[in-house]
Amino acid sequence: MLGYEDSKYYCPVFPYPDAKLTAKQIACLSITTQRNTFTCWNKLTGNVYHNFITWKDLRADTLVQQWNRSFKLRALKAGAKLLHFFTRNKRFLAGSVIKLMNPQVTMRLAWVLQNNADLQRDVKDGNVLYGTIDSWLLYRLRQGLDQSRVVEHIGDVTNCTSTGFYDPFGQEWAGWALNLFDIKKELLPKVVDNSYDFGYVDESLFGSPIKIGTSISDQSASLWGNCCFEKGEVKITMGTGSFLNVNTGATCLASVHGLYPLVGYKMATCDSPELVYLMEGASNDNGSIIEWAMSIGLFTDPRDSATMALSVPDSDGVSFIPAFSGLGPPIRDDTAGTGFIGIKASTRKEHLVRAILESLAYRIALLYVCALEETRYTFTRIKVDGGVSRNDFICQTLADLTGLPVERGEVADSTALGAMFLAGLNVGIWHSKQELIDIRKIERVFEPNPANKSKCLNSMRSWERAVERFKRWYIAEELNSLN
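In UniProt numbering, the protein residues as written are 1 to 483.
See below:
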């Protein structure tokens, strides 16, 4: 494991010393990271200009709001809409409904470029490199302990695609976005596919070089871990946030309801060279809600929450709105508030816990409905992974709402499993996707209960009414403060 502090490496150590392995015995290393968390560093000295700025960081929120209200962005959307009318090109349809969001890199990078004097100075001199975690790791691992050593500056396509300034239709950095937000292309890494020759970890780190088998983003790796290789397959990762991904094959689909197209993976090995796209929708608050509920004493162990929810027949009319980071598609309200509504004298802790778990399932169900409308695919099952997917109540509620079997793999961390699968294919440990399908084990399938569907849908409709009360909450708060 590697880390840095004041641009210095911690001592490199193996994460699993009990394995009693040496570097020479490791066939390859795979890299999978969360997307849209980035840093900038000096290519001459290796010194970083700031800590990692994560996808949950809100310091650029004012900038995001200003740009979303700006004449420039409105003109861009109007122009894209006009171009779509004449050309029917779907990439222009996507541009006509563009909305900047905090989880994208775009505004956070623009913010740090505006607010870091050292960074501003060195950008002018052409000495700055930008990278999401994958790019930074690839640079550092191949660079070794000599931070002044210059190596190829690269980033894999699945991490680049979600930044907000990459064009998945054209498969290149979006020149219009770089120009609009004044981001110099020289800062950015070369975009490579997931079967690229990434080279080796420098021997100065572990005493022997280690082959880098692949680099792939967390959601794309999860797709591999769930073996969603066919067009129309859908998986949902329930971690800190919930991410619904639909494999759309070789088709890059535009969306008008807040979902977005991404490059799922691109490779030149395996059965044949292929480029696979995803349609993605995200709910940014999921595991973070569970952690919060535990921190205020609703339960002491997340594993107890499902049992508590099932100990009562319903939430006693209580609804919970999970909006610490606003509400994503299809609601798309960054100013929504979080809270309970409908609490009565009869309300117990178990009702509150059930309301929380139901709200997480409802947010995912809304994403699923969006995916149905946008893709027109016929889904046959939903595969789930991530820590929150271990919650039986959420999985069963999702099955009842969608009417589809919810399939939970034996390995909760499908991201790590998928990165291992892809690296193994790249270096020849496995030779086909079918081998990976045979390896993956299913822990449990939650079958939809038709008898519960009507009750679940009625409860969800009540929750949607509650959502209306919490929308634009912080705008109202700002207006009240002015009075």
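For each residue, glycine too, the CB sits at the ideal point set by N, CA and C.
Between the CA atoms of residue j and residue i - distance to the nearest angstrom
{"i": "THR307", "j": "PHE206", "result": "46 angstroms"}
{"i": "LEU2", "j": "SER315", "result": "Here LEU2 scores only 40 on pLDDT, less than 50, and its place in the model should not be relied on; the value that follows carries that caveat. In a straight line, the C-alpha of LEU2 is about 45 angstroms away from that of SER315."}
{"i": "GLY386", "j": "THR338", "result": "23 angstroms"}
{"i": "LEU457", "j": "ALA416", "result": "35 angstroms"}
{"i": "GLU435", "j": "SER135", "result": "29 angstroms"}
{"i": "VAL406", "j": "LEU422", "result": "24 angstroms"}
{"i": "SER346", "j": "VAL246", "result": "42 angstroms"}
{"i": "ASP413", "j": "LEU367", "result": "22 angstroms"}
{"i": "ALA451", "j": "LEU401", "result": "11 angstroms"}
{"i": "ASN426", "j": "ARG108", "result": "34 angstroms"}
{"i": "SER220", "j": "TYR265", "result": "7 angstroms"}
{"i": "ASP285", "j": "VAL388", "result": "11 angstroms"}
{"i": "TYR362", "j": "PHE38", "result": "31 angstroms"}
{"i": "ALA174", "j": "VAL192", "result": "15 angstroms"}
{"i": "GLN65", "j": "LYS56", "result": "16 angstroms"}
{"i": "GLU468", "j": "ARG121", "result": "46 angstroms"}
{"i": "LEU119", "j": "THR158", "result": "26 angstroms"}
{"i": "ASN89", "j": "LEU82", "result": "11 angstroms"}
{"i": "LEU138", "j": "PHE198", "result": "8 angstroms"}
{"i": "CYS160", "j": "THR380", "result": "30 angstroms"}
{"i": "VAL48", "j": "PHE165", "result": "22 angstroms"}
{"i": "THR300", "j": "ALA309", "result": "14 angstroms"}
{"i": "LYS20", "j": "ILE26", "result": "11 angstroms"}
{"i": "ILE210", "j": "ASP156", "result": "19 angstroms"}
{"i": "LEU44", "j": "ASP146", "result": "11 angstroms"}
{"i": "ARG69", "j": "SER462", "result": "32 angstroms"}
Whether residue i touches residue j by CB criterion (9 angstroms)
{"i": "ARG465", "j": "THR335", "result": "no"}
{"i": "ASN226", "j": "GLY409", "result": "yes"}
{"i": "SER217", "j": "THR375", "result": "no"}
{"i": "GLY249", "j": "VAL276", "result": "yes"}
{"i": "ILE133", "j": "PHE52", "result": "yes"}
{"i": "GLU152", "j": "LYS190", "result": "yes"}
{"i": "ILE321", "j": "SER359", "result": "yes"}
{"i": "SER96", "j": "ALA117", "result": "no"}
{"i": "SER223", "j": "TYR130", "result": "For the sequence presented, residue 223 should be read as Leu rather than Ser. Not in contact: LEU223 and TYR130 (Cβ atoms no closer than 9 angstroms)."}
{"i": "ILE394", "j": "LEU357", "result": "yes"}
{"i": "ILE382", "j": "SER242", "result": "no"}
{"i": "GLY126", "j": "GLU203", "result": "no"}
{"i": "GLY317", "j": "LYS349", "result": "no"}
{"i": "PHE169", "j": "CYS228", "result": "no"}
{"i": "SER319", "j": "ILE289", "result": "no"}
{"i": "LEU63", "j": "TRP111", "result": "yes"}
{"i": "VAL353", "j": "ALA282", "result": "no"}
{"i": "ALA94", "j": "ALA254", "result": "yes"}
{"i": "ILE98", "j": "LEU113", "result": "no"}
Beta strand (DSSP E) segment containing residue i, residue limits
{"i": "GLY239", "result": "Unbroken run through GLY239: none, as it is neither H nor E."}
{"i": "GLY409", "result": "406-409"}
{"i": "ARG444", "result": "442-446"}
{"i": "LYS190", "result": "190-192"}
{"i": "LYS383", "result": "382-385"}
Run of the alpha helix (DSSP H) containing residue i, from where it starts to where it stops
{"i": "MET267", "result": "Not the alpha helix (DSSP H): MET267 falls in the beta strand (DSSP E), residues 260-267."}
{"i": "PHE206", "result": "203-206"}
{"i": "CYS28", "result": "Careful: CYS28 lies outside any alpha helix (DSSP H) and carries neither H nor E."}
{"i": "ARG91", "result": "90-96"}
{"i": "GLY213", "result": "Premise fails: GLY213 lies in the beta strand (DSSP E), 210-217, not in any alpha helix (DSSP H)."}
{"i": "VAL256", "result": "Careful: VAL256 lies outside any alpha helix (DSSP H) and carries neither H nor E."}
{"i": "residue 572", "result": "As shown, the chain starts at 1 and ends at 483. That puts residue 572 outside it, with no answer to give."}
{"i": "LYS433", "result": "433-439"}
{"i": "ASN252", "result": "Note on identity: in this sequence residue 252 is Cys, with Asn being the wrong assignment. Unbroken run through CYS252: none, as it is neither H nor E."}
{"i": "ASN68", "result": "61-68"}
{"i": "CYS395", "result": "392-402"}
DSSP state of residue i mapped onto helix, strand, coil
{"i": "GLY424", "result": "helix"}
{"i": "SER283", "result": "strand"}
{"i": "residue 507", "result": "Lying before the first or after the last residue shown, residue 507 is absent from the chain, which here runs from 1 to 483."}
{"i": "GLY3", "result": "With a pLDDT of 40 at GLY3, under the threshold of 50, the modelled position of this residue cannot be trusted, and the question is left open."}
{"i": "SER459", "result": "helix"}
{"i": "ASN47", "result": "coil"}
{"i": "residue 490", "result": "Outside the modelled stretch of the chain, which goes from 1 to 483, sits residue 490, for which no answer is possible."}
{"i": "residue 495", "result": "Nothing about residue 495 can be reported from this structure: the residues present for the chain run from 1 to 483 only."}
{"i": "ILE429", "result": "coil"}
{"i": "TYR377", "result": "coil"}
{"i": "TYR474", "result": "helix"}
{"i": "LEU417", "result": "helix"}
{"i": "LEU58", "result": "coil"}
{"i": "GLU230", "result": "coil"}
Test: residue i CB closer than 9 angstroms to a CB of chain B
{"i": "LEU327", "result": "The chain inventory of the structure shown lacks chain B, comprising one protein chain alone."}
heavy atom of the ligand SAH below 8 angstroms from residue i C-beta
{"i": "VAL353", "result": "Of ligands this structure carries none, so the ligand SAH is not represented either."}
request  = Can you check the segment 290-369 for any beta strand (DSSP E) of at least 3 residues that lies completely inside it and give the ranges in chain order?
outcome  = Every unbroken stretch of the beta strand (DSSP E) spanning 3 or more residues and falling wholly within the segment 290-369 is given here in chain order: 319-321, 339-341.
request  = Let me know the beta strand (DSSP E) ranges lying completely inside the segment 107-186, each 3 residues or longer, listed in chain order.
outcome  = 128-132, 154-156
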